[in-house]
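Below is one structure, written out as C-alpha cells, with a few remarks after it.
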Amino acid sequence: MLQRTRIHPAPSLRAPRRLRSLRPWTASPHSGNFRDAVLISANLGGNGDVVAATCGALAGAHYTAGTIPASWRNSLIKKQLIESTGDRLLAHALPDVGG
Numbered sequence: 076m077l078q079r080t081r082i083h084p085a086p087s088l089r090a091p092r093r094l095r096s097l098r099p100w101t102a103s104p105h106s107g108n109f110r111d112a113v114l115i116s117a118n119l120g121g122n123g124d125v126v127a128a129t130c131g132a133l134a135g136a137h138y139t140a141g142t143i144p145a146s147w148r149n150s151l152i153k154k155q156l157i158e159s160t161g162d163r164l165l166a167h168a169l170p171d172v173g174g
C-alpha cells in the first residue's frame, strides 16, 4: 500500500519577505521607469538595500541600462571597471551582437 506523503515547499519559496524586490512589479507593473521601481523597493522596509539591489537588477534588465539615472551612474565608485566588466559579460553571452 502506498503511503501518502505531504510535500512542503522550500522555505525560501513560501517566505513572501524574500520576494519583496518583486513587489513594485506586481503592485504597479507599468510604473514606467527604472528609478521609480528601485526607489519604491528601497522604501519597502526590511532589508531595503538588498531589496533595491535585486529590483535594480530586474529593472535594469527590463528597462535597459540606459534608463538608469545619469547621476546614479556617475556617482559609482569604480564606474569604468563596472562598465567594462558588463561589456565583457555581454560580449561573452551574446558573441554575435556587436562584439
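Going by my numbering, the sequence shown runs without a break in its numbering and finishes at 174.
Beta carbons are placed, not taken as given, at the ideal position from N, Cα and C, and that holds for glycine.
Bear in mind the structure is a predicted one, so any value in this text is a computation, not a measurement.
Beta carbon of residue i nearer than 8 Å to that of residue j
| i | j | result |
| --- | --- | --- |
| residue 157 | residue 151 | yes |
Beta-carbon contacts of residue i that lie in its chain and below 7 Å, excluding the five residues immediately before and after
| i | result |
| --- | --- |
| residue 113 | 127, 130, 131 and 134 |
| residue 108 | 138 and 142 |
Cβ shell of residue i (< 6 Å), same chain only, five flanking positions each side left out
| i | result |
| --- | --- |
| residue 117 | 123 and 127 |
| residue 102 | Its pLDDT being 49, under 50, residue 102 is placed unreliably in this model, and the coordinates cannot settle the point. |
| residue 140 | none |
| residue 154 | none |
Review point. Touching or not, the stretch 136 to 149 and the stretch 106 to 125, by the rule of three or more beta carbon pairs under 8 Å?
Key: Three or more Cβ pairs closer than 8 Å define a contact, and the stretch 136 to 149 meets that threshold against the stretch 106 to 125.
Exercise for review: Run through the stretch 138 to 165 for me and flag every whole alpha helix (DSSP H) of 4 or more residues, listed as ranges in chain order.
Suggested key: Whole alpha helix (DSSP H) segments, 4+ residues: 145 to 149.
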